[in-house]
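Chains as they are written, first to last, in the working numbering: chain U, 78 to 378; chain G, 19 to 269. Glycine is no exception: its CB is placed at the ideal position from the N, C-alpha and C atoms.
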Amino acid sequence: MNKILFESKSKMQKNERVINKTLTILGMVSIFTTIGIILSLTEETIQFFRSVSIIEFFTSRKWTPMFEPANYGVLPLVMGTFLIVIFSSIISIPIGLGSAIYLSEYAPKKVRKILKPVLEILAGIPSIVYGYFALTSITPLIRSIFPSASVFNALSAGIAVGIMTIPMVSSLSEDAMMAVPDSLRLGAYALGSTKFEVSTKIVVPAAFSGIAASFILSISRAIGETMIVAMAAGSTPKLTLNPLESIQTMTGYIVQISLGDVPAGSIGYKTIFAVGTLLFAITLILNIISRNIVKKYRRAY
Amino acid sequence: METKIRVENLNFYYGNNRALTNINMEIYRNKITAFIGPSGCGKSTFLRTINRMNEFIENTRVEGKVLIDDEDIYSKKVDPVELRRRVGMVFQRPNPFPKTIYENIVYGLKKNGVKNKEVLDEVVDTTLKSVALYEEVKDKIHKSALELSGGQQQRLCIARAIAMQPDVILFDEPTSALDPISTMKIEELLLELKNDYTIIIVTHSMQQAARISDYTAFFLNGELIEIDETNKIFSNPRDKRTEDYITGRFG
Ligand SMILES: Nc1ncnc2c1ncn2[C@@H]1O[C@H](COP(=O)(O)OP(=O)(O)OP(=O)(O)O)[C@@H](O)[C@H]1O
Ligand SMILES: [Mg+2]
């Protein structure tokens with residue numbers, strides 16, 4: 078009897094070891110892939126900065142690597158990305174947060190049961206569909222209001238990216254708000270609060286870390302979004318704040334060059350690694366900020 | 019002795035289950051009234067009919083009247099949000115907001131449009147003093163309320179209720195999650211508070227009811243069995259069931 082027990086225990090320990098090893102290996106794979114990505118980016122990036130000074134890269138106001146005279150100022154691309162982030166956030170943050178508040182605090186159970194899956198399906202639509210939507214619906218609408226707007230413009234793409242990221246903001250914010258215990262809501266009601274006051278003064282602040290994380294994630298998505306901007310925002314690197322003009326984002330530039338016939342090893346080829354590294358750095362910083370916010374305002378209740 | 023609350027023919031239903039049956043009682047101003055009775059007899063349900071907190075539970079229904087200062091709080095004219103500003107509540111588990119001590123206390127006032135910082139500071143000081151928390155927390159008023167101990171948190175919740183200057187404060191087993199010393203502090207506090215407020219407290223502790231309340235109501239299976247001055251209830255109850263319960267012969 079004892080012997081059987083003992084044997085089965087050692088067998089379990091063996092299984093445990095195998096599982097442990099497998100998971101370690103899988104974890105290693107993901108770490109090594111990340112390191113690999115960074116290495117492949119750095120090598121070409123270093124070579125790029127042998128020919129172009131970092132100062133020019135960050136201060137020159139023109140990005141014309143394929144023309145004569147070639148200029149390597151990345152600011153126009155950064156500005157393009159910035160415009161997309163601004164307009165997508167103007168759409169996704171208020172609408173996403175509003176619908177999260179509605180779903181978590183106001184919607185009857187039945188409505189939530191239907192709306193939540195619908196939102197999640199929306200999140201699964203490929204971005205190329207949003208690109209089409211931008212070109213065929215949003216752009217004509219913009220041009221009917223602002224006749225001066227270009228066929229390709231930052232506003233249209235920004236709005237489409239915003240619509241795409243609404244479900245992410247709303248779903249993550251709603252999760253954070255649902256996690257706020259009811260005892261806090263009841264405590265606020267007992268002090269004579271209206272539903273709106275409970276939502277905005279108690280639940281949203283209590284869920285702040287999760288909500289802020291959802292905002293930052295949606296900004297990261299907007300920075301990294303490629304297909305929509307390639308289709309609808311244009312391919313004209315331009316240092317402008319006017320959203321009605323054709324622009325180009327960092328990602329838009331990378332696809333354009335990757336799909337073109339730039340010879341490998343040329344300086345034009347290396348630009349995409351430099352831009353890619355910058356993109357990587359920006360998203361990394363955002364991630365770190367987001368982690369700090371989550372840590373600082375971690376659910377304290 | 020002035021009647022503050024009068025309950026007339028009150029029934030309460032969760033769905034089809036009747037949780038309170040034909041309750042009639044009077045509660046007096048500036049007195050502490052304790053509700054006692056076995057678990058599930060409807061004490062909390064009854065308490066929540068007095069500030070209409072039952073409305074947050076789906077599928078419930080009230081019949082009858084609860085009059086506060088002769089006004090039926092279930093009449094259409096009464097706004098439940100307004101009502102809850104007049105009838106405060108402290109819960110079984112301390113539930114401070116995840117904000118600073120200061121923000122917890124001024125939450126209600128700020129919401130009602132009080133902005134003057136001097137007024138708010140003053141209210142924070144006086145309410146913290148009246149719940150005997152001032153000395154313990156005066157150096158961390160702008161720190162998170164969640165850093166306080168359970169007993170301190172509960173006193174903060176009382177402070178938060180008092181800051182609204184209600185007429186009535188309802189306590190649902192306010193000390194059942196606390197240690198004996200915190201319990202004692204809160205009992206002392208309630209005795210202080212009855213000079214300014216009408217207090218109702220649900221408690222499972224017979225000793226607590228005997229120590230602090232002026233009146234005691236005994237409930238059983240959703241019915242009010244009897245209510246009387248506390249010393250009469252404990253020394254000479256009229257109903258056999260009350261006697262059985264307080265002597266521990268219940269069941
Ligand atoms: N949210 C609810 N939904 C349905 N029934 C409920 C609900 N809350 C309480 N009840 C029922 O109503 C009756 C009275 O419950 P209540 O909580 O008022 O009792 P109590 O006297 O406060 O008990 P305890 O001393 O355990 O707190 C019980 O039978 C309980 O099952
Ligand atoms: Mg109860």
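Please list, in chain order, all residues of the same chain as residue i whose beta carbon is under 8 Å from its beta carbon, the five residues on each side excluded.
{"i": "residue 197/U", "result": "244, 248"}
{"i": "residue 118/U", "result": "350, 353, 354, 357"}
{"i": "residue 184/G", "result": "103, 104, 105, 106, 215"}
{"i": "residue 225/U", "result": "321"}
{"i": "residue 27/G", "result": "40, 41, 42, 81, 82, 83"}
{"i": "residue 21/G", "result": "44, 45, 46, 47"}
{"i": "residue 91/U", "result": "none"}
{"i": "residue 196/G", "result": "168, 169, 172, 204"}
For my contact list, residue i and residue j are in at a C-beta cut-off of 8 Å; report their separation, rounded to the angstrom.
{"i": "residue 303/U", "j": "residue 328/U", "result": "4 Å"}
{"i": "residue 105/G", "j": "residue 68/G", "result": "6 Å"}
{"i": "residue 316/U", "j": "residue 160/U", "result": "The Cβ separation is near 11 Å, so there is no contact."}
{"i": "residue 194/G", "j": "residue 110/G", "result": "6 Å"}
{"i": "residue 95/U", "j": "residue 174/U", "result": "That belief does not hold up - the Cβ atoms of residue 95/U and residue 174/U are roughly 46 Å apart, past 8 Å."}
{"i": "residue 310/U", "j": "residue 229/U", "result": "6 Å"}
{"i": "residue 31/G", "j": "residue 37/G", "result": "7 Å"}
{"i": "residue 247/G", "j": "residue 233/G", "result": "6 Å"}
{"i": "residue 228/G", "j": "residue 53/G", "result": "Not confirmed; about 14 Å, so no contact."}
{"i": "residue 172/G", "j": "residue 204/G", "result": "6 Å"}
{"i": "residue 191/G", "j": "residue 220/G", "result": "5 Å"}
{"i": "residue 91/G", "j": "residue 70/G", "result": "7 Å"}
With a threshold of 7 Å on Cβ separation, who are the neighbours of residue i within its own chain once the five nearest residues in sequence on each side are excluded?
{"i": "residue 340/U", "result": "346"}
{"i": "residue 124/U", "result": "347"}
{"i": "residue 48/G", "result": "212, 213, 216"}
{"i": "residue 215/U", "result": "233, 236, 237"}
{"i": "residue 189/U", "result": "180"}
{"i": "residue 257/G", "result": "243, 244"}
{"i": "residue 335/U", "result": "349"}
Identify the contact partners of residue i in chain U, using a Cβ-Cβ distance below 8 Å as the criterion.
{"i": "residue 100/G", "result": "269"}
{"i": "residue 270/G", "result": "Outside the displayed range of chain G (19 to 269) lies residue 270/G, so it cannot be described from this structure."}
Under 8 Å between beta-carbons, which chain G residues line up against residue i? List them in chain order, please.
{"i": "residue 263/U", "result": "71, 74, 109, 113"}
{"i": "residue 183/U", "result": "The premise fails here: residue 183/U is roughly 13 Å from chain G at the closest Cβ pair, so nothing lies under 8 Å."}
{"i": "residue 260/U", "result": "109, 111, 113"}
For a contact meaning CB atoms closer than 9 Å, what does residue i contact in chain G?
{"i": "residue 133/U", "result": "Simply none; closest approach about 49 Å."}
{"i": "residue 286/U", "result": "Result: empty, since nearest Cβ-Cβ is about 11 Å, beyond 9 Å."}
{"i": "residue 96/U", "result": "Those do not exist, as residue 96/U stays about 38 Å from chain G at its closest Cβ, beyond 9 Å."}
Cβ closer than 9 Å: which chain U residues qualify as neighbours of residue i?
{"i": "residue 106/G", "result": "267, 268, 269"}
{"i": "residue 178/G", "result": "264, 268"}
{"i": "residue 182/G", "result": "268, 269"}
Identify, in the order they occur along the chain, each residue of the same chain with its Cβ nearer than 6 Å to the Cβ of residue i, setting aside the five sequence neighbours on each side.
{"i": "residue 137/U", "result": "148, 150"}
{"i": "residue 289/U", "result": "370"}
{"i": "residue 307/U", "result": "329, 332"}
{"i": "residue 120/G", "result": "142, 159, 160"}
{"i": "residue 299/U", "result": "161, 162, 165, 238"}
{"i": "residue 139/U", "result": "148, 150"}
Using a Cβ cut-off of 7 Å, pull out every chain G residue sitting near residue i, in sequence order please.
{"i": "residue 279/U", "result": "115"}
{"i": "residue 274/U", "result": "129"}
Below 7 Å on C-beta distance, what does residue i contact in chain U?
{"i": "residue 103/G", "result": "269"}
{"i": "residue 43/G", "result": "Neighbours of residue 43/G on chain U: none; closest Cβ ~22 Å, over 7 Å."}
Of all Cβ atoms in chain C, is any one closer than 7 Å to the Cβ of residue i?
{"i": "residue 24/G", "result": "Here chain C cannot be found, since the structure's protein chains are U and G."}
Specify whether the segment 319-334 of chain U and the segment 350-357 of chain U touch according to this definition: at least 3 beta carbon pairs, one from each stretch, less than 8 Å apart.
yes
Could you run through the segment 127-138 of chain G and flag, in chain order, every residue whose CB is less than 7 Å away from some CB of chain U?
129
For the segment 191-218 of chain G, which residues have a CB atom closer than 9 Å to at least one CB atom of chain U, in sequence order?
none
Are the segment 196-215 of chain U and the segment 125-133 of chain U touching, with three or more C-beta to C-beta distances below 8 Å?
no
Stretch pair the segment 218-231 of chain U + the segment 268-286 of chain U: three plus CB contacts closer than 8 Å
no
Just by C-beta distance, which residues in the segment 304-325 of chain U are closer than 9 Å to chain G?
none
Under 8 Å: do the segment 121-131 of chain G and the segment 168-181 of chain G share three or more Cβ pairs, one atom per stretch?
yes
Closer than 8 Å is the cut-off here; do at least three beta carbon pairs connect the segment 51-65 of chain G with the segment 237-244 of chain G?
yes
Are three or more beta carbon pairs between the segment 81-92 of chain G and the segment 130-140 of chain G nearer than 8 Å?
no
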